[in-house]
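When you read off a place in the sequence shown, starting at 1, and then add 54, the result is the number in the working numbering. Yeah, the Cβ is synthetic: ideal placement off N, Cα and C, and Gly gets one too.
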Amino acid sequence: MKVANNMVEWLIQSGILAVLVAFLWAYAKPLLTAKAKTAKTEQSRQLWTLAEQVAEAAVNTMASRNLSGADKYAKAVDMVQTTLAKYGHHIAPEDAGAVVQSAYEKSGLADKQKSTDDVNNTQPVLNK
Numbered sequence: 055m056k057v058a059n060n061m062v063e064w065l066i067q068s069g070i071l072a073v074l075v076a077f078l079w080a081y082a083k084p085l086l087t088a089k090a091k092t093a094k095t096e097q098s099r100q101l102w103t104l105a106e107q108v109a110e111a112a113v114n115t116m117a118s119r120n121l122s123g124a125d126k127y128a129k130a131v132d133m134v135q136t137t138l139a140k141y142g143h144h145i146a147p148e149d150a151g152a153v154v155q156s157a158y159e160k161s162g163l164a165d166k167q168k169s170t171d172d173v174n175n176t177q178p179v180l181n182k
C-alpha cells in the first residue's frame, strides 16, 4: 500500500497527473461538444415533426369551416402556436406560418382549389 501511495504522490508532485488530465480534457471536450450538438439537432428535428403533425391537424380542421382563406390560415397558425406552447415549445409566427403552408400544400386541398379554379375559368366549346 505504501508503494501505491508513493506512486500517486510522485504523479502529483511531478506534474504528470496534471498533464494527463489536460490531455484527456483536450481529447474529450470535442467529443462532448459534438454529442451536445447532435442532441440539439435531434431535439429540433423532433420539434419540427411535432409542428408538422399539429399543422396537418389544424389545416384539416379549418378545411371544413366556412371562413375566408386568410382567416383559416390565421387560425391554423394560431392553433399551431397555441398547441406547441402548451407543450412548452415556442416557435416564431413566421415558422408556424411556413409549417401551416407546407401542411396545406401536402394535404391536397391546394390541388382541389386549383382544379375548381381552372374549371371556372374555361370557356365552353360550342359545336356548330
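(request) Please name the residue, chosen from N60, E96 and D149, that lies closest to E106 on a Cα-to-Cα basis. (result) Minimum Cα distance to E106 is reached at D149.
(request) Output the distance between the C-alpha atoms of E96 and E110, rounded to the nearest integer angstrom. (result) Cα to Cα, E96 sits roughly 21 angstroms from E110.
(request) Counting only runs of 4+ residues fully inside the region 118-143, write out the alpha helix (DSSP H) ranges in chain order. (result) Segments of the alpha helix (DSSP H) lying fully in the region 118-143: 123-140.
(request) Could you tell me whether the Cβ atoms of S156 and N114 are closer together than 8 angstroms? (result) Contact flag unset, no.
(request) Flag this pair as yes or no: are the beta carbons of A130 and A146 separated by less than 8 angstroms? (result) Against a cut-off of 8 angstroms, the Cβ pair of A146 and A130 comes out as no contact.
(message) If you reduce the DSSP assignment to three classes, tell me which class D171 lands in.
(response) Because the pLDDT at D171 is just 46, under 50, the model does not fix this residue reliably, and the point stays unresolved.
(request) Using a threshold of 8 angstroms, state whether the C-beta atoms of V154 and Y127 are closer than that. (result) Taking a C-beta distance under 8 angstroms as the contact criterion, V154 and Y127 qualify as a contact pair.
(request) Starting from G151, follow the alpha helix (DSSP H) in both directions and report where the run begins and ends. (result) Its alpha helix (DSSP H) spans residues P147 to S161.
(request) Check M116 in the structure and name its three-state DSSP category. (result) Of the three classes helix, strand and coil, the one that applies to M116 here is helix, per DSSP.
(request) Evaluate Y81 with the Cβ neighbour count: other Cβ atoms within 10 Å of its Cβ, from every protein chain shown; 16 or more gives buried, anything less gives exposed. (result) Y81 is exposed by the Cβ-count criterion.
(message) With H, G and I counted as helix, E and B as strand and the rest as coil, what does DSSP make of M61?
(response) DSSP places M61 in helix when its eight states are reduced to three.
(message) What does the Cβ neighbour count give for M133, buried or exposed, with the cut at 16 atoms within 10 Å?
(response) Buried, by the Cβ-count rule.
(request) Give a yes or no on whether the C-beta atoms belonging to L71 and L78 are separated by under 8 angstroms. (result) Note that the C-beta distance between L71 and L78 is not below 8 angstroms.
(message) Rounding to the nearest angstrom, what Cα-Cα distance links V108 and S98 in this structure?
(response) Using only the alpha carbons, I get a separation of about 15 angstroms.
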